[in-house]
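When we follow UniProt numbering, the leftmost residue of the sequence shown carries the number 1, and every step to the right adds one. A virtual CB, placed ideally from N, CA and C, is assigned to each residue, including glycine. Encoded as structure tokens, the structure appears first; notes follow it.
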Amino acid sequence: MTAVLPTPSPAKPPKNAPAVTPKGTAAAANAAAASFAALTDALDYLGPAGIEQVRQAYRFADEAHLGQLRNSGEPYITHPIAVAAQCAVWKLDAQALMAALLHDALEDCGVTKSELMDRFGLQVAELVDGLTKLDKLEFNTREENQAESFRKMLLAMARDVRVILIKLADRTHNMRTMSDMPKSKWGRIASETLDIYAPIAHRLGLNQTYRELQDLSFRHLHPWRHAILSKAVAKARSRRRDLVQKVQVDVDAAFAKLGMRIRIAGREKTLFSIYRKMDDKHLSFAQVTDIYGFRIIVPGITDCYTALGVLHQMYKPVPGKFKDHIAIAKVNGYQSLHTTLVGPSGINIEFQMRTEDMHMVAESGVAAHWLYKASDHDGDPSERLGTKWLQSLLDIQNETRDAAEFWDHVKVDLFPDAVYVFTPKSQIMALPRGATVVDFAYAIHSNIGDRTVAGKINGEQVPLRTELKNGDVIEVITAPVSSPNPAWLGFVRTGRARSKIRHYLKTLALTESEDLGEKLLTQALRAEGLEKLPESRDPAFPGIWEKLLRFTGNKTRSELMTDIGLGKRIASMVAKRLTVLMTEGGEKRDALLLTRERYTSHEKLSQGAVLLDGSENASVKYAPCCRPIPGDAIVGYLGRGEGLVVHTADCGTAKRLQYKDAERFIAVDWADEPVRAFETGLVVTVTNRKGVLARVAAELASSEVDITHVDMGDEGPADTADLRFLVSVQDATHLDAALRHLARTPTVLRAARIKPAG
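Right, here's the structure in full:
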């Protein structure tokens with residue numbers, strides 16, 4: 001998304017701005033009164049009590065903004081009235097219209113939230129407060145500020161969708177009147193609208209607002225291109241007027257003959273969508289053939305399909321240009337039948353068939369909820385709305401406190417190009433294009449995603465990274481012991497899957513780091529002559545953990561152990577402080593234990609040994625520079641914030657770190673029975689003949705060695721070649737046996753383990 005700069009508000013004088021002249025005041029009052037009179041005509045759906053509430057809010061706002069003018073010279077109150085008028089078109093409830101009238105009063109006019117609460121109730125005050133916070137957001141070129149602002153806006157929307165509906169109405173009116181602003185501000189406001197507000201309008205199904213915001217942004221972002229394209233469309237419109245009228249007459253006649261009552265309307269592609277198509281597909285204006293279309297509104301769902309049959313008998317359909325969005329609705333609730341036909345003179349014309357209800361949802365999206373049930377004001381609107389996407393924002397937020405990460409998760413869902421797939425029970429699910437089996441699993445339920453081990457598409461087993469296609473039937477295979485793989489983050493497409501995987505891995509890493517930290521602190525304490533850690537509420541040492549936490553600066557015992565496990569704190573230093581506190585409490589050091597623990601270990605590795613068996617997952621990392629395997633002599637380095645990193649004892653990287661940071665090294669050793677295989681590198685020098693790679697791979701397989709990666713290098717043809725393998729082995733003995741087996745192969749000149757430079 002393009003980074004943009006802070007949103008300028010419409011011109012307003014400061015709170016103590018001088019009043020306008022009496023003549024100007026009278027004109028302002030007349031203009032405002034006339035505007036509100038026009039607004040009241042659209043409020044009949046509210047009933048007398050609702051209209052009176054809105055009138056009270058208008059009077060309050062009118063008084064608060066008295067003396068303020070917009071850039072156009074109009075009284076400022078005309079802006080809140082225009083915003084409320086747009087909300088009235090969507091049939092929003094009285095509280096939303098009151099908030100629309102008052103949305104600039106809180107910050108610009110010195111009105112407080114408590115004052116609004118006393119006058120108009122908690123709901124209105126909360127809506128105005130939410131809008132005021134959105135107005136304060138600044139979309140800077142600095143990515144983190146932009147992401148944080150976006151996070152706040154989306155969360156405000158998720159809590160009460162009316163906030164963003166009023167904000168979109170506010171932005172729409174500001175865009176309509178932007179020609180009154182200085183041209184220097186056009187670019188950044190139009191960019192912000194195109195990048196942020198228009199996609200939100202589209203995601204919420206507000207297609208009319210979405211198209212208008214795009215066109216207004218295009219007009220102010222590229223005035224010259226907009227003017228040229230506008231002239232070209234006007235010329236084409238005049239040239240094809242007869243054609244359009246002929247099609248309309250023919251269609252009317254065909255449906256009249258059938259006896260079906262329809263409403264037909266011409267539809268012209270917006271300038272921005274024409275421009276984008278020309279830009280994306282490198283077309284000239286003459287090559288864009290689907291500029292014109294017709295929308296046919298029919299009485300019922302079955303009539304949509306009947307209308308489709310009538311049209312296909314009149315004109316030939318263009319192959320591959322039929323879409324059924326009735327049987328499979330779009331993610332934002334849009335439903336219609338689309339077909340493109342070859343009309344008179346060979347011109348392609350798109351037809352859309354829908355019912356009145358579908359048309360209402362298509363144009364108004366989530367706002368259609370109020371259009372359908374304008375009289376129902378009970379309960380929370382966002383709950384009544386039941387929009388899954390809005391609720392999923394809160395789920396992602398609960399797991400992702402980092403703003404940039406939140407934006408990373410959400411932006412994919414905000415710009416969807418959906419594919420529609422089926423569960424084995426024929427339930428339809430919509431996912432962004434490029435979504436994989438793992439995305440599908442998380443879309444069903446996070447527990448399904450976490451336990452996924454395999455997937456089937458149309459009955460055939462496929463890799464988990466396989467992209468889904470329209471109409472695929474997906475089956476997910478799970479196992480109780482399975483857990484998310486960090487590699488999944490490289491291919492998942494949806495924000496939900498990404499946030500769930502990251503949340504699981506972070507939680508797992510912290511839990512394991514806490515366990516490792518406890519183990520390290522216990523061993524370090526034994527080196528000080530004390531057998532074990534005191535309990536959290538040990539009566540023998542009252543308040544000992546509170547004192548230790550004050551010393552380390554941690555809030556909880558759990559946080560301290562995690563910090564030790566992550567290498568943020570040195571276990572021996574914490575152990576020394578804990579020893580002082582315990583001896584002050586009357587605990588005596590065991591001289592025998594002290595001698596055995598401290599002096600049997602290497603002098604630089606005084607924190608005791610940690611046994612490794614390969615089950616440590618996130619808390620222990622095996623260094624990729626030397627790739628240690630069981631049987632190697634090893635050392636452990638507690639990197640700052642990265643947990644325990646295990647190196648071979650002869651690794652050059654480990655030796656350099658030991659020279660600079662000796663106190664961060666701890667003794668580590670292999671457990672008697674490791675629970676998994678470990679990766680290491682091999683270089684095999686071979687005589688360069690046909691089929692040599694297959695022969696070497698077969699020899700490794702016969703030694704029960706798994707190959708995870710092969711690199712043949714970039715060298716040209718030569719008599720010999722070096723094949724580099726990344727392989728999984730059980731231990732050093734297993735590796736030695738495999739190397740001996742390889743060395744006896746005729747085409748192999750040399751086989752050795754790859755070791756880092758000393």
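Per DSSP, the bridge partner or partners of L275: For clarity, residue 275 is Tyr in the given sequence; the question names Leu instead. None, per the DSSP bridge assignment.
The stretch 430–450 in contact with the stretch 486–503 per 3-pair CB rule at 8 Å: The stretch 430–450 vs the stretch 486–503: in contact.
Proximity winner among M181, P624, A671, relative to T653 (alpha-carbon distances): T653 has its Cα closest to that of P624, out of M181, P624, A671.
Give me the DSSP bridge partner(s) of E350. G293, T340, per the DSSP bridge assignment.
Evaluate T21 with the Cβ neighbour count: other Cβ atoms within 10 Å of its Cβ, from every protein chain shown; 16 or more gives buried, anything less gives exposed. Any answer about T21 is weak, because its pLDDT of 40 lies below 50 and its placement is not dependable; what the coordinates show is given next. Exposed, by the Cβ-count rule.
Measuring alpha carbon to alpha carbon, tell me which residue in L505, Q313, K330, M358 is nearest T340. When C-alpha distances from T340 are compared across L505, Q313, K330, M358, the shortest belongs to Q313.
On the three-state DSSP scale, how would you describe A28? Reliability fails at A28, whose pLDDT of 48 lies under 50, so the model's placement of it is uncertain and the value that follows must be treated cautiously. Helix.
Closer than 8 Å is the cut-off here; do at least three beta carbon pairs connect the stretch 457–464 with the stretch 508–516? Verdict: no, contact absent.
Quick check on this structure: which residue in T685, L516, D731 has the alpha carbon closest to the alpha carbon of M712? Per the C-alpha coordinates, the member of T685, L516, D731 positioned closest to M712 is T685.
Below 8 Å, how does it come out for the stretch 314–323 and the stretch 214–223: are there three or more Cβ pairs, yes or no? Contact fails between the stretch 314–323 and the stretch 214–223, because fewer than three Cβ pairs, one in each stretch, are under 8 Å apart.
Can you list, in chain order, the stretches of the beta strand (DSSP E) that have 3 or more residues and sit fully within the stretch 431–484? Qualifying beta strand (DSSP E) stretches, in chain order: 452–457, 460–462, 474–478.
Hey, could you find the ends of the beta strand (DSSP E) R263 is sitting in? That run of the beta strand (DSSP E) goes 263–268.
So G333 and G205 are in contact, right, with Cβ under 8 Å, and what is the actual spacing, rounded? By a beta-carbon distance limit of 8 Å, G333 contacts G205. Their separation comes to about 5 Å.
Could you tell me how far apart the beta carbons of Y292 and V249 are, in whole angstroms, since I believe they sit closer than 8 Å? About 15 Å separates the CB atoms of Y292 and V249; that is not less than 8 Å, and the two are not in contact.
The beta strand (DSSP E) enclosing G320, as first and last residue numbers: For G320, the enclosing beta strand (DSSP E) starts and ends at 316–324.
Out of V473, R502, G471, I474, state which residue places its alpha-carbon closest to the alpha-carbon of S483. Selected option, being the one with the closest Cα: R502.
Below 8 Å on the Cβ atoms is my guess for L131 versus I77; work out the distance and round it to an integer in Å. Incorrect: roughly 16 Å between the Cβ atoms, too far for contact.
Which of the three DSSP states, helix, strand or coil, is assigned to K532? When secondary structure is reduced to three states using DSSP, K532 falls in the coil class, being assigned neither helix nor strand.
Count the other C-beta atoms from every protein chain shown that fall within 10 angstroms of the C-beta of Y275, then say buried if there are 16 or more, exposed otherwise. By the C-beta density criterion, Y275 is buried, having at least 16 other C-beta atoms within 10 angstroms.
Secondary structure of L605, DSSP reduced to three states: At L605 the pLDDT is 40, less than 50, meaning the model places this residue with poor confidence and gives no usable figure here.
Assuming L271 and V298 make a contact with CB atoms under 8 Å, what is their CB distance in whole Å? Cβ-Cβ separation between L271 and V298: approximately 29 Å, too far for a contact (criterion under 8 Å).
Let me check understanding here. Comparing Cα to Cα, which of L431, L548, D472, T507 lies closest to V496? Reading the sequence as shown, one finds Arg at residue 496 and not Val. It is L431 whose Cα lies nearest to the Cα of R496.
Complete alpha helix (DSSP H) runs within the stretch 663–729 (minimum length 4 residues, chain order): Taken in chain order, the unbroken stretches of alpha helix (DSSP H) that lie wholly in the stretch 663–729 and span 4 residues or more are 692–702.
Decide if H734 is buried, meaning its Cβ has at least 16 other Cβ atoms within 10 Å, or exposed. Buried.
Does the stretch 418–428 come within contact of the stretch 447–454, defined as at least 3 CB pairs closer than 8 Å? Three or more beta-carbon pairs separated by less than 8 Å are not found between the stretch 418–428 and the stretch 447–454, which leaves the two stretches without contact.
Alpha carbon to alpha carbon, how far is R526 from M573? Their backbone Cα atoms lie some 13 Å apart in a straight line.
Can you list, in chain order, the residues of its chain whose CB lies under 7 Å from that of K277, leaving out five sequence neighbours each side? So the qualifying residues of the chain are L283, V288.
Flag this pair as yes or no: are the beta carbons of V83 and H103 separated by less than 8 Å? Closer than 8 Å, so yes.
Do L682 and V710 have their beta-carbon atoms positioned less than 8 Å apart in this structure? Result no, Cβ atoms of V710 and L682 do not sit closer than 8 Å.
Do F678 and G585 have their CB atoms nearer than 8 Å? For F678 and G585, no; Cβs fall outside 8 Å.
Going by the DSSP bridge assignment, what does P75 pair with across the sheet? In DSSP, P75 forms a bridge with L69.
In this structure, what does DSSP give as the bridge partners for R119? R119 pairs with nothing; no bridge assigned.
What are the partner residues of R753, as DSSP defines its beta bridges? BP columns for R753 point to L682.
Tell me whether S184 is buried or exposed, calling it buried when 16 or more other Cβ atoms sit within 10 Å of its Cβ. That one is exposed.
Sorry if obvious, but does the Cβ on G449 come closer than 7 Å to a heavy atom of the ligand PLP? Summarising the ligand content, the structure contains no ligands, and the ligand PLP is consequently not present.
Given A85, which residues of its chain have a CB within under 7 Å of its CB, disregarding the five upstream and five downstream residues? Closer than 7 Å at the Cβ level, and outside the excluded window around A85, lie L39, A42.
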